[in-house]
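> Please read through the structure below; I'll follow up with questions.
Numbering (the working numbering), first residue to last: 38 to 425.
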């Protein structure tokens with residue numbers, strides 16, 4: 038009988054020792070992490086297996102101005118050269134995230150005492166196992182630390198040429214289109230607008246310096262686009278006066294920016310300076326555009342700049358009032374003489390199969406302009422729609 042009790046106790050002790058010895062409090066589990074590739078600079082998306090997952094929609098870009106200090110300006114010309122988009126990362130939506138939190142605590146407290154005539158055996162074992170795991174619905178483990186920049190899955194930027202808008206003409210919902218880009222389908226969290234030049238003239242005639250930090254404006258406003266979809270997006274820019282210092286600053290307005298289903302977009306045609314300038318007649322697919330650079334006067338010089346999809350066009354043929362005056366240089370420009378007494382200057386630019394026409398009413402002999410403007414030959418908005 039004694040031998041039987043001892044054997045049972047020894048077996049029980051071995052069993053308890055095995056349970057407690059089977060847990061390593063320092064043991065860790067390796068979790069394989071999958072990274073989602075971001076959008077590359079050319080607008081294509083690379084999936085984790087290396088295949089191209091590009092499917093695109095079209096974003097039509099507009100610019101407008103919220104009414105702040107703009108009523109102090111006669112003109113406020115802003116030249117946009119590039120736009121950028123930040124693609125949303127593959128974050129797990131807090132509303133749809135499913136997690137499993139397992140808190141398991143197993144305790145075994147056993148004390149066995151056997152009293153026999155010649156034998157006193159006492160066994161005591163205490164085993165405790167505790168685990169804590171959090172698993173998302175894709176099977177990966179939650180990390181204790183998060184990347185603050187995890188909201189972006191890559192950047193994509195587009196050159197839109199030099200698109201100049203006069204914000205005094207674009208107050209409130211009034212907007213003008215400055216470009217269209219093909220964007221990979223998906224969600225985007227930020228929109229950047231790069232500004233190369235700002236020219237401000239107050240109603241008093243004074244020219245003022247309008248500050249723009251970093252030569253770009255960042256808008257933390259998200260939107261989504263599906264494959265084959267066309268989305269209108271307005272980027273609202275406003276000018277504010279820094280107190281009564283006479284200094285002015287440009288900044289984006291998030292509440293007035295967004296897609297056409299979020300904010301009102303009232304498209305307006307740009308006014309024209311210095312007489313009638315012909316509308317760019319090149320078809321949208323070609324993206325060819327031409328503008329006058331600087332002053333255009335009779336018995337002086339005129340300079341034409343030719344761009345296509347934001348790139349200078351070399352070798353474009355320029356005809357002025359029916360006569361060929363030359364071809365553009367590597368910068369896409371050509372300067373030619375305007376005969377004395379010229380009242381109307383009509384320019385035709387030809388590049389390959391694309392053609393664009395401009396017309397300019399020049400100053401009369403009395404010094405009056407044939408139309409409203411400062412004689413630089415550009416539209417008040419200077420916009421020849423860029424198509425990328």
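The beta-carbon is built from N, C-alpha and C at its ideal position, and this holds for glycine as well.
This structure is a prediction, so every number in the text was calculated from the model and none was measured.
Would you mind stating whether residue 264 and residue 94 have Cβ atoms separated by less than 8 angstroms?
yes
> Using three-state DSSP, classify residue 365 as helix, strand or coil.
coil
> Which residues share a DSSP beta bridge with residue 97?
217, 269
> Look at the alpha carbon of residue 269 and the alpha carbon of residue 244, and state the distance between them as a whole number of angstroms.
33 angstroms
> First and last residue of the beta strand (DSSP E) that includes residue 291?
Segment: none, residue 291 is in no beta strand (DSSP E) and carries neither H nor E.
> For residue 344, which residues in the same chain have their Cβ closer than 7 angstroms to its Cβ, ignoring the five residues on either side in sequence?
198, 326, 350, 369
> My guess is that residue 276 and residue 120 are in contact by the Cβ rule of under 8 angstroms, so how many angstroms apart are they, rounded?
So it is not a contact: roughly 20 angstroms between Cβ atoms.
> In the DSSP assignment, the beta strand (DSSP E) including residue 397 goes from what residue to what residue?
Residue 397 -> beta strand (DSSP E) spans 391 to 398.
> By how many angstroms is the C-alpha of residue 354 removed from the C-alpha of residue 397?
18 angstroms
> Less than 8 angstroms between the CB atoms is what I'm expecting for residue 274 and residue 104, so what's the real figure, rounded?
Actually they are not in contact, since the Cβ atoms of residue 274 and residue 104 sit about 12 angstroms apart, beyond 8 angstroms.
> Within its chain, find whatever has a CB closer than 8 angstroms to the CB of residue 305; leave out the 5 residues flanking it on each side and keep chain order.
206, 207, 211, 212, 213
> Please check the pair residue 300 and residue 293, which I expect to be a contact at CB under 8 angstroms, by giving their CB distance rounded to whole angstroms.
6 angstroms
> Name the DSSP bridge partner or partners of residue 340?
330, 372
> What number of angstroms, rounded off, separates the C-alpha of residue 281 from the C-alpha of residue 113?
19 angstroms
> Rounding to the nearest angstrom, what Cα-Cα distance links residue 250 and residue 336 in this structure?
41 angstroms
> Go through the region 220 to 247 residue by residue and report every complete run of the beta strand (DSSP E) that reaches 3 residues or more, in order.
223 to 239
> To the nearest angstrom, how far is the alpha carbon of residue 384 from that of residue 359?
Rounded to whole angstroms, residue 384 to residue 359 spans 8 angstroms at the Cα level.
> Between 99, 246, 195, 221, which lies nearest to residue 348 when the distance is taken from Cα to Cα?
By alpha-carbon distance to residue 348, the top candidate from 99, 246, 195, 221 is 195.
> Taking the alpha-carbon positions, what's the residue 399 to residue 366 distance?
25 angstroms
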